[in-house]
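Inspection log for the structure reproduced underneath, given as structure tokens.
Protein chains: 2
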Amino acid sequence: MTSIKDVAKVANVSTATVSHVINGTRFVSETTKVRVFQAMKELDYKPNLVAKSLRSRKSMIIGLIVPMVYMDTSNFFFMAIANGIETIVKQKGYNLILGNSHEDLKTELEQIKLFNTQLIDGLIIAPTAEDVTEYDEVFSGDYPVIFIDRKPKGYDGDLVMANSYQGTFEAIETLIKKGHEKIGFITGHLGMTTSDDRLTGYKKAHEKNKLTVEPSLIKEGTPSFEEGYKQAKELVNKKAVTSLFVSNNVMTMGALRFLNEKQIKIPDEIAIIGFDDYDWMKITTPPLAVVEQPSYEIGEKAVHILLNRIKKGNERNKESVLLPTQFISRGSV
Amino acid sequence: MTSIKDVAKVANVSTATVSHVINGTRFVSETTKVRVFQAMKELDYKPNLVAKSLRSRKSMIIGLIVPMVYMDTSNFFFMAIANGIETIVKQKGYNLILGNSHEDLKTELEQIKLFNTQLIDGLIIAPTAEDVTEYDEVFSGDYPVIFIDRKPKGYDGDLVMANSYQGTFEAIETLIKKGHEKIGFITGHLGMTTSDDRLTGYKKAHEKNKLTVEPSLIKEGTPSFEEGYKQAKELVNKKAVTSLFVSNNVMTMGALRFLNEKQIKIPDEIAIIGFDDYDWMKITTPPLAVVEQPSYEIGEKAVHILLNRIKKGNERNKESVLLPTQFISRGSV
DNA sequence: GTTAGTTAAGAAAGCGCTTTAAAGAGGAGA
DNA sequence: TCTCCTCTTTAAAGCGCTTTCTTAACTAAC
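One line per chain: the protein sequences are A and B, in this order. Residue numbering for the first sequence follows our numbering, starting at 1 and increasing by one per position. Residue numbering for the second sequence follows our numbering, starting at 334 and increasing by one per position.
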């Protein structure tokens, strides 16, 4: 492997000059510049990023930790985010190093500790913990951290997430305006801000339209296909509801499977609205109405804030960005 | 930031001893070991991975380059692969750095060049080029490279991909056994091994069952939702086919959308089989029969081979692994 | 001709770690 | 007592860069 020394020797200059030519950090006369470039080409020189990182204390690497569970459909959401992040990060000359917490706090903390070794210049994380204090021991402030999608209790740092409340409110209100008074609400575990916000949207829509919220219509459970199926079954079999709002895509699929199996007519017998928008929702019969999250944009915005922090240092006032969700009406309502 | 020097000073030993304690690379007496560990804890010491990489010439980072197009559903396949790779890589103490070629050769080559800087110990790539010679200038052999999912012409290095042929053959034969003689084949661009292999499976199944392949029933196009819709429309409207095989999931969705729109009865009027298995295929009406790819396993196997290469050095005989695809029969046939 | 100011480039230190060569302490054998 | 091992530890070089401090060469000013 050729080093900066070899280049310097061939170009007959010092290593300092080569470095300055590469980075444009000091004026170098045109003639020597040419000599250096020529030498670099001749030797097929590739700067060693590791050495550069060590000396300059910048790795040009951004860490990303997402909570993906094997074969879980909710992954699509985080994948879309990862995709957005990767694209922007590359545009800015950074690299993305990917970590997965598998929705497990211990794994997540391990992951963070690994990053706590001068490896990354900044971190974007969709946290699994419900309370910030869980992170006290691992975040030492060596690099900026941006939270996405979820807000643990007590967190007051930079944050980018979708406004789950808004989209849900619109969706529920649409159902109410169509005459539905018994609306089932199927959700993953509460306690997570995303779930809580959606529930709040559900309740506020009822409130505004002078409907009372019936607690038995709110079903909480593991965010899985099976659980979605089960909850839908319970609500529908009791004839308790005329419509369903399912607050994540995995459970939506489970619920849809139940309705399909029982040949329940959508939306005539039961209207249904899901969360997150994916192509497959267009090909169910009928197409599924959903609350759409701006996944790519979440990633985009998070990178934006992060790079600013890296450049300007950690400032006092933190950003808390809520990107709008949108209700998309389709045949299922 | 505390360094190995600080630890050495506090523990009253040399930096060499600290290094050996951390890495277990030499015998150190129990008493000094204890002193060192204590000092490390006291100072909250975290080894600097960058410095370690520079000195030991190993970054413990694996590169992964996938061809994902924004909002394209085929991404799910690569994301599943990435997920598998990330999991295994972490288990083995490595990190994953993610690159996206966006299905564009120039971007891909840039990406590789970036990695050619001592940044990674090995690379896994789903290549975009149709011919290996495209990679001649960038692969200098500094680190092992494993190709996945696609085999460019002339490539004879390590390779892990699904046996597209096998699954397709089974699927087509199933259709034939059910009495179908006019089977439409909708595919993305040919020239890519994955597409070609599927077409071969289609042809061989015809051959074996003494059916002639009608070229007009084979439709090639951009792998997009719209194109899938269009091709299905053409084939069905001409009443040319009684069944459809769609060789990727995006086009499958397009085709399904068409059949749904026209209220064509599946499988009575048209039977249909897709490629890649995702949860949403279970909730279409009727559930969609598919050829399933072992995406997670592809990632898993690729990492396995790669780490072996890293450990043992590049050996002569390369591995070419074909993982089985499986035909899953559901209501749509 | 001397001094000061300006410009381009070099010398060398050092980032935090690994690793080789060497050294000190203690015991055994003569 | 001296030599020769063995066992544990240390000293120090160096990975490939960046960056501070200097220097050399030239020009301008008096």
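Don't be surprised by glycine CBs; every beta carbon is placed ideally from N, CA and C. Note that the coordinates shown come from a computational prediction; the quantities given were computed from them, not determined experimentally.
Whose CA, out of the options, lies closest to the CA of residue i?
| i | options | result |
| --- | --- | --- |
| residue 295(A) | 32(A), 79(A) and 33(A) | 79(A) |
| residue 64(A) | 217(A), 257(A), 37(A) and 109(A) | 109(A) |
| residue 287(A) | 267(A), 300(A) and 302(A) | 267(A) |
| residue 341(B) | 373(B), 633(B) and 456(B) | 373(B) |
| residue 219(A) | 209(A), 208(A) and 232(A) | 232(A) |
| residue 571(B) | 470(B), 603(B) and 484(B) | 603(B) |
| residue 512(B) | 358(B), 368(B), 496(B) and 574(B) | 574(B) |
| residue 142(A) | 57(A), 76(A) and 99(A) | 57(A) |
| residue 415(B) | 666(B), 641(B), 631(B) and 659(B) | 631(B) |
| residue 185(A) | 99(A), 130(A), 236(A) and 309(A) | 236(A) |
| residue 132(A) | 114(A), 159(A) and 117(A) | 159(A) |
| residue 86(A) | 468(B), 429(B) and 582(B) | 429(B) |
| residue 244(A) | 300(A), 282(A), 304(A) and 173(A) | 173(A) |
| residue 637(B) | 460(B), 463(B) and 480(B) | 480(B) |
| residue 265(A) | 202(A), 32(A), 205(A) and 331(A) | 331(A) |
| residue 154(A) | 321(A), 135(A) and 168(A) | 135(A) |
| residue 320(A) | 157(A), 227(A) and 107(A) | 157(A) |
| residue 643(B) | 395(B), 343(B) and 379(B) | 395(B) |
| residue 525(B) | 447(B), 650(B), 387(B) and 463(B) | 463(B) |
Does DSSP classify residue i as helix, strand or coil?
| i | result |
| --- | --- |
| residue 82(A) | helix |
| residue 548(B) | helix |
| residue 246(A) | strand |
| residue 192(A) | strand |
| residue 486(B) | strand |
| residue 421(B) | helix |
| residue 622(B) | strand |
| residue 653(B) | strand |
| residue 234(A) | helix |
| residue 356(B) | helix |
| residue 275(A) | strand |
| residue 464(B) | strand |
| residue 428(B) | strand |
| residue 367(B) | helix |
| residue 75(A) | helix |
| residue 281(A) | helix |
| residue 28(A) | coil |
Could you work out which residues of chain A lie near residue i, taking near to mean beta carbons separated by less than 7 Å?
| i | result |
| --- | --- |
| residue 384(B) | 54 |
| residue 593(B) | 283 and 285 |
Just reading off the beta strand (DSSP E) that residue i is part of, what are its end residues?
| i | result |
| --- | --- |
| residue 603(B) | Segment: none, residue 603(B) is in no beta strand (DSSP E) and carries neither H nor E. |
| residue 48(A) | No beta strand (DSSP E) holds residue 48(A); DSSP gives it neither H nor E. |
| residue 334(A) | Nothing about residue 334(A) can be read from this structure; chain A reaches only from 1 to 333. |
| residue 399(B) | 394-399 |
| residue 119(A) | Per DSSP, residue 119(A) belongs to no beta strand (DSSP E) and is neither H nor E. |
| residue 327(A) | 326-328 |
| residue 555(B) | Segment: none, residue 555(B) is in no beta strand (DSSP E) and carries neither H nor E. |
| residue 472(B) | Residue 472(B) -> no beta strand (DSSP E), and no H or E assigned at all. |
Can you name the residues of chain B whose CB is closer than 8 Å to the CB of residue i?
| i | result |
| --- | --- |
| residue 97(A) | 394, 428, 429, 430 and 431 |
| residue 76(A) | 409 and 412 |
Against residue i, what residues of chain A qualify as contacts under a CB-to-CB distance less than 8 Å, listed in chain order?
| i | result |
| --- | --- |
| residue 590(B) | 282 and 283 |
| residue 416(B) | 68, 70, 75 and 100 |
Between which two residues does the alpha helix (DSSP H) holding residue i run?
| i | result |
| --- | --- |
| residue 591(B) | 582-594 |
| residue 166(A) | 164-177 |
| residue 438(B) | 438-448 |
| residue 340(B) | 337-344 |
Examine chain B for any beta-carbon lying closer than 8 Å to the beta-carbon of residue i, and answer yes or no.
| i | result |
| --- | --- |
| residue 119(A) | yes |
| residue 47(A) | yes |
Would you mind telling me which residues of chain A sit closer than 9 Å to residue i, beta carbon to beta carbon, in chain order?
| i | result |
| --- | --- |
| residue 419(B) | 68, 98, 99 and 100 |
Residue i touches chain B at which residues, Cβ-Cβ below 9 Å?
| i | result |
| --- | --- |
| residue 23(A) | Those within 9 Å of residue 23(A) in chain B number zero; the least Cβ separation is about 14 Å. |
Between residue i and chain A, is any beta-carbon pair separated by less than 8 Å?
| i | result |
| --- | --- |
| residue 650(B) | no |
| residue 449(B) | yes |
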